[in-house]
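Numbering (the numbering used here), first residue to last: 5 to 261. Beta carbons are placed, not taken as given, at the ideal position from N, Cα and C, and that holds for glycine. Contents: one structure, followed by commentary.
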């Protein structure tokens with residue numbers, strides 16, 4: 005019996021180690037990235053594979069802000085994200101990172117009238133062919149959901165973020181590259197202790213469901229600390245949300261060494 009327990013503990017350690025080795029900073033998402041001291045660049049230079057920009061269509065301009073009270077004329081989507089990413093692509097001959105197997109996701113949260121905003125962003129993107137015709141760059145829309153017609157008619161280089169808890173028609177699902185939801189919709193967990201077996205079971209069920217659809221999965225409003233990151237990696241969540249770029253970079257650095 006003692007030998008069996010030792011073997012089981014060894015296997016669990018191997019599984020834990022394997023699941024963490026699968027992850028790199030390219031699977032980390034910079035939540036509300038525009039609040040960082042260096043929007044785009046802090047996440048990018050640490051190798052994060054996804055950044056989030058909340059946008060408003062404001063007096064004909066696409067401006068990045070969390071709320072209308074935060075809107076500043078100089079914080080345009082073009083200046084903060086499209087231009088910097090394009091510059092890096094040009095340096096690396098179309099690849100976002102030195103490792104050409106890695107990709108970059110720009111998650112754009114639509115905060116105003118979604119159909120009009122989506123159309124305005126698509127018009128703006130025509131100035132950036134290296135973004136829209138690039139298999140290593142994904143432009144994904146979240147937040148206020150555009151109408152079904154707007155999603156169905158969207159060009160193939162525009163992708164959408166659905167909700168884990170919703171059921172979509174095959175036609176709509178074809179336009180979605182990722183499904184996300186508030187973690188609190190599934191479990192209540194503050195990240196101070198490991199997940200219980202019941203909590204893990206609930207989350208694993210949803211992760212498998214979304215992966216079976218061929219989509220990526222992300223939980224927002226999840227605890228943002230080393231224990232939580234480790235637990236989410238073990239669950240095979242595709243993108244780990246963080247507001248703490250430098251801390252998670254140190255976590256990955258210590259994990260790899």
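Exercise. Verify whether the separation of the beta carbon atoms of residue 115 and residue 166 is less than 8 Å.
Key: Here residue 115 is taken as the residue at index 111 of the chain shown, counted from 1. Here residue 166 is taken as the residue at index 162 of the chain shown, counted from 1. No, they are not a contact pair.
Quiz prompt | Endpoints, the beta strand (DSSP E) within which residue 171 is located | solution = Within the chain shown, the letter at position 167 stands for residue 171. Premise fails: residue 171 is in no beta strand (DSSP E) and is neither H nor E.
Exercise. Following the continuous beta strand (DSSP E) through residue 233, name the residue where it begins and the one where it ends.
Key: Here residue 233 corresponds to residue number 229 of the chain shown, with the count starting at 1. Here residue 233 belongs to no beta strand (DSSP E); instead the alpha helix (DSSP H) covers 230-238.
Quiz item: Is residue 128 near residue 84, with beta carbons less than 8 Å apart?
Solution: Within the chain shown, residue 128 is the residue found at index 124, counting from 1. Within the chain shown, residue 84 is the residue found at index 80, counting from 1. Cβ atoms of residue 128 and residue 84: not closer than 8 Å.
Quiz item: Looking only at DSSP bridge pairs, what is residue 165 linked to?
Solution: Position 161 of the chain shown holds residue 165. DSSP output for residue 165 lists 182 as bridge partner(s).
Quiz item: Which runs of the alpha helix (DSSP H) fall wholly inside the region 113-172 and span at least 4 residues, in chain order?
Solution: Listed in chain order, the alpha helix (DSSP H) runs fully inside the region 113-172 are 118-129, 133-136 and 152-157, counting runs of at least 4 residues.
Self-check item: Per DSSP, the bridge partner or partners of residue 61
Solution: Your numbering for residue 61 matches position 57 in the chain shown. DSSP output for residue 61 lists 66 as bridge partner(s).
Quiz item: So the beta strand (DSSP E) residue 243 belongs to, where does it begin and stop?
Solution: As a working mapping, residue 243 is identified with position 239 in the chain shown. Where residue 243 is concerned, the enclosing beta strand (DSSP E) stretches over 243-246.
Exercise. Counting only the same chain and skipping the five closest in sequence on each side, list residues whose C-beta sits under 6 Å from that of residue 33.
Key: For the purposes of this step, residue 33 is identified with residue 29 of the chain shown, where counting begins at 1. Here the set comprises 54, 243 and 245.
Exercise. Take residue 191 and list the residues in its own chain whose beta-carbon comes closer than 8 Å to its own, dropping the five residues that flank it on each side.
Key: To locate residue 191, count along the chain shown from 1; it is residue 187. So the list reads 199, 203, 206 and 207, once near-sequence residues are dropped.
Practice problem: Determine, using beta carbons only, whether residue 118 and residue 159 come nearer to each other than 8 Å. | Solution: Walking along the chain shown from the start, residue 118 turns up at place 114. Walking along the chain shown from the start, residue 159 turns up at place 155. Contact flag unset, no.
Quiz item: For the candidate residues 169, 81 and 173, whose alpha-carbon lies nearest to that of residue 185?
Solution: Within the chain shown, residue 185 is the residue found at index 181, counting from 1. Ranking 169, 81 and 173 by Cα distance to residue 185 puts 169 first.
Practice problem: Please name the residue, chosen from 80, 121, 138 and 91, that lies closest to residue 107 on a Cα-to-Cα basis. | Solution: For this step, residue 107 is matched to residue 103 along the chain shown. If we check each option's Cα against that of residue 107, 138 comes out closest.
Quiz item: Taking just the CA atoms, how far does residue 188 sit from residue 214?
Solution: Translated into the one-based positions of the chain shown, residue 214 becomes position 210. Translated into the one-based positions of the chain shown, residue 188 becomes position 184. Taking C-alpha positions only, residue 214 is separated from residue 188 by approximately 18 Å.
Quiz prompt | Assigned exposure category for residue 171 - 16 Cβ within 10 Å defines buried | solution = The count along the chain shown starts at 1 and reaches residue 171 at position 167. Under the 10 Å beta carbon count, residue 171 is surrounded by fewer than 16 other beta carbons and is classified as exposed.
Exercise. Pull up the DSSP beta-bridge partners for residue 223, would you.
Key: As a first step, residue 223 is located in the chain shown; it is residue number 219 there, counting from the start. Answer by DSSP bridge pairing, in chain order: 185 and 244.
Self-check item: Best match in 152, 143, 31 and 59 for proximity to residue 113 [C-alpha to C-alpha]
Solution: Working through the chain shown from its first residue, we reach residue 113 at position 109. Comparing Cα-Cα distances from residue 113 to each of 152, 143, 31 and 59, the minimum goes to 59.
Self-check item: Reduced DSSP secondary structure (H/G/I, E/B, other) of residue 34
Solution: Counting from 1 along the chain shown, the entry for residue 34 is found at position 30. In the displayed model, residue 34 falls within a strand according to three-state DSSP.
Quiz prompt | Nearest-angstrom Cα separation, counted from residue 141 out to residue 155 | solution = Within the chain shown, residue 155 is the residue found at index 151, counting from 1. Within the chain shown, residue 141 is the residue found at index 137, counting from 1. Cα to Cα, the separation comes out at about 19 Å.
Self-check item: Backbone secondary structure at residue 80 - three-state DSSP
Solution: Residue mapping note: residue 80 aligns to position 76 of the chain shown, counting from 1. Reduced to three states, the DSSP call for residue 80 is strand.
Quiz item: Does the Cβ-Cβ distance between residue 211 and residue 177 come in under 8 Å?
Solution: Along the chain shown, one-based indexing puts residue 211 at 207. Along the chain shown, one-based indexing puts residue 177 at 173. No, they are not a contact pair.
Quiz item: Any idea if residue 175 is buried or exposed, counting beta-carbon neighbours within 10 angstroms, 16 or more meaning buried?
Solution: As a working note, residue 175 is residue 171 in the chain shown. Answer is exposed; the Cβ neighbour count stays below 16.
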